[in-house]
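The next block holds one structure in the form of structure tokens; read it before the comments.
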Amino acid sequence: MSKPSIGFIGLGLMGRAMVECLQTAGYDVTVLGNRDRSGVEEALARGGSEAPSARALAETSDIVMLCVGTSEQVESRIFGEDGVLAGTREGQIVIDFGTSLPGSTKRIGAELAEKGATYLDAPLGRTPAHAKEGKLNIMCAGDETAYAQVKPVLDVLGENVFHLGPLGAGHTIKLINNFFAMTTAMAMSEAFAMADAAGVPRDKLYGVLAAGPNHSGMMDFVKSWAMDGKIDLAFSVDNAAKDVGYYRAMAEELGAQSRMSGCASETLAEALRNGFAGHMVPEMVDYLSKHLKG
2 MSKPSIGFIG
12 LGLMGRAMVE
22 CLQTAGYDVT
32 VLGNRDRSGV
42 EEALARGGSE
52 APSARALAET
62 SDIVMLCVGT
72 SEQVESRIFG
82 EDGVLAGTRE
92 GQIVIDFGTS
102 LPGSTKRIGA
112 ELAEKGATYL
122 DAPLGRTPAH
132 AKEGKLNIMC
142 AGDETAYAQV
152 KPVLDVLGEN
162 VFHLGPLGAG
172 HTIKLINNFF
182 AMTTAMAMSE
192 AFAMADAAGV
202 PRDKLYGVLA
212 AGPNHSGMMD
222 FVKSWAMDGK
232 IDLAFSVDNA
242 AKDVGYYRAM
252 AEELGAQSRM
262 SGCASETLAE
272 ALRNGFAGHM
282 VPEMVDYLSK
292 HLKG
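To convert, take the position in the sequence shown, counting from 1, and add 1; that gives this note's numbering.
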């Protein structure tokens with residue numbers, strides 16, 4: 002059986018790495034970029050094609066993949082005048098690899114279903130380096146028959162591929178995961194900053210915390226910057242604020258009250274208001290050390 006043709010929208014660091022992985026595996030990929038054309042040019046140099054619009058890309062692809070930053074960006078690619086919805090057809094599968102609002106995901110799924118297409122949400126774990134090697138964690142949700150159809154392609158991109166339930170479950174779990182991770186990161190950053198204020202060496206604090214049940218991978222990501230000057234978690238403060246904000250919006254849409262996310266959300270928002278955009282999450286140690294007293 003011939004490989005399905007793939008249309009890929011969004012060639013940031015993660016998207017371009019995924020496209021390279023797919024092309025290396027022999028897939029015919031048509032791409033649609035944005036302002037930065039470097040990822041597009043790389044894909045074209047490997048034999049890919051470029052579509053003039055999301056509609057044109059959908060019209061020529063068996064599977065449409067999106068890897069963009071926000072739900073607003075996803076919706077603009079789907080619902081725009083020349084969007085995916087305008088070019089989709091019966092039997093087509095559309096996959097959102099980003100971290101999006103579950104409510105938006107379900108609305109898009111319903112619109113695509115009216116044209117006989119199927120929408121899957123499949124947020125990602127790990128880094129662009131893992132993507133290039135086909136070692137992502139992929140949290141897919143949606144129609145099980147469609148999932149089975151695209152599973153061979155997902156297995157090219159991912160080392161660990163999960164099916165998590167009905168449409169929206171992937172984005173729901175990813176937002177819960179990122180809320181928990183960023184809340185932990187903010188708490189650990191403040192812990193180091195408070196130790197600084199009290200004159201306690203960071204290594205002494207870490208030694209005690211890491212010896213007990215508080216020890217975690219996120220703690221070690223923050224420690225790598227705070228003690229060793231290394232960024233092991235290349236996840237920006239901007240993205241962290243967006244994801245925690247989405248988590249809070251999801252909770253509100255569910256009629257639920259999120260008690261724990263408020264502190265992480267406000268800490269990240271404060272850092273952004275004070276010019277910390279573009280910094281990585283572990284660097285929040287530096288921000289909090291300078292602003293612990295307000």
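Heads up, the beta-carbon is just placed ideally off N, CA and C, and yes, glycines get one too.
Every value quoted in this text rests on a predicted model; they were computed, and no experiment measured them.
Restricting attention to alpha helix (DSSP H) runs no shorter than 4 residues, the region 79-144 encloses them at 85-88, 103-114, 129-133, ordered along the chain. Contact annotation: MET261 and PRO103 have beta-carbon atoms that are not nearer than 8 Å. MET281 and GLU91 have their C-alpha atoms spaced approximately 42 Å apart. Of the residues PHE98, ALA118, ARG108, LYS107, the one whose Cα lies closest to the Cα of GLY88 is ALA118. By the neighbour-count criterion, in which a residue is buried when 16 or more other Cβ atoms sit within 10 angstroms of its Cβ, PRO202 is exposed. For GLY16, the uninterrupted alpha helix (DSSP H) segment begins and ends at 14-25. The residue from VAL223, ALA132, GLU60, ARG274 with its alpha-carbon nearest to that of GLN24 is ALA132. Listed in chain order, the non-local C-beta contacts of THR31 below 8 Å within the same chain comprise SER6, ILE7, GLY8, PHE9, GLY49, SER50, GLU51, ALA52, LEU58, THR61, SER62, local neighbours out to five positions each way being set aside. Here DSSP, grouped into helix, strand and coil, assigns SER290 to helix. Taking the CA atoms as reference points, THR100 sits about 38 Å from ALA199. Judged by DSSP in its simplified three-state form, ILE177 adopts helix. Taken through DSSP and simplified to helix, strand or coil, ASN240 comes out as helix. Each residue's CA atom was taken as its position, placing ILE79 and PRO214 some 44 Å apart.
Using a 10 angstroms sphere on the CB of VAL209, the tally of other CB atoms stays under 16, which defines it as exposed. Its chain contains ARG203, LEU206 as the residues whose beta carbon lies nearer than 7 Å to that of ALA196, once the 5 sequence neighbours on both sides are disregarded; these appear in chain order.
Taking all protein chains shown into account, GLN93 has 16 or more neighbouring C-beta atoms within 10 Å of its C-beta and is therefore buried. The way I'd put it, the region 35-45 doesn't touch the region 155-165; fewer than three beta-carbon pairs between them come closer than 8 Å.
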